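A.B. asks:
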Amino acid sequence: MKVENMLKIKEEFDYKSLSRRLETQLDKLIAENERQQKAFEDEIERLTLEAQSHVSEAERNFVDALEREGMKCQMDYMESIKMLEEKWELNHIKHGKNGFIDGTYSGEVVQ
717 MKVENMLKIK EEFDYKSLSR RLETQLDKLI AENERQQKAF EDEIERLTLE
767 AQSHVSEAER NFVDALEREG MKCQMDYMES IKMLEEKWEL NHIKHGKNGF
817 IDGTYSGEVV Q
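To convert, count from 1 in the sequence shown and add 716; that's our numbering.
1. Please report the straight-line C-alpha distance between S735 and S772, rounded to a whole angstrom.
2. Work out the CA separation of M791 and A781 for me, nearest whole Å.
3. Is any non-hydrogen atom of the ligand GTP found closer than 8 Å to the C-beta of M791, if you look at the structure I gave you?
4. For Q741, which residues from the same chain have a beta carbon less than 6 Å from its beta carbon, with the 5 sequence-adjacent residues on both sides left out?
As structure tokens, then:
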């Protein structure tokens, strides 16, 4: 009977010891998991900020490019208008104001 009681006491001690050891391991694993989760969230935040920065930079670049393209188109338009005015003036001088060259009519027929 005494041996049985000793075995039960030893068994209970072993379970308590094992339980404490498992609790300690569980606490360490929980702490490690929380640390990794925090590191992961921090990395996500960093990547989000970096991505937002890249998007903002790309938007600025596209706005600048669009403005330059708009200015280029405006300059091309103005140049085209100038060339057309010069051609019109040369035609006007060449054909005269009434559309006749050397006494012959060179314009369209007006109906």
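The beta carbon of each residue, even a glycine, is placed where N, CA and C say it ideally should be. Since this is a predicted model, take the numbers as computed values, not measurements.
C.D. replies: Per the coordinate set shown:
1. Near 55 Å, if we compare the C-alpha coordinates of S772 and S735.
2. The alpha-carbon of A781 is positioned some 15 Å away from that of M791.
3. Here there are no bound small molecules, and the ligand GTP is not part of this structure.
4. Apart from the 5 residues on each side of it in sequence, Q741 has no Cβ closer than 6 Å to any other Cβ in its chain.
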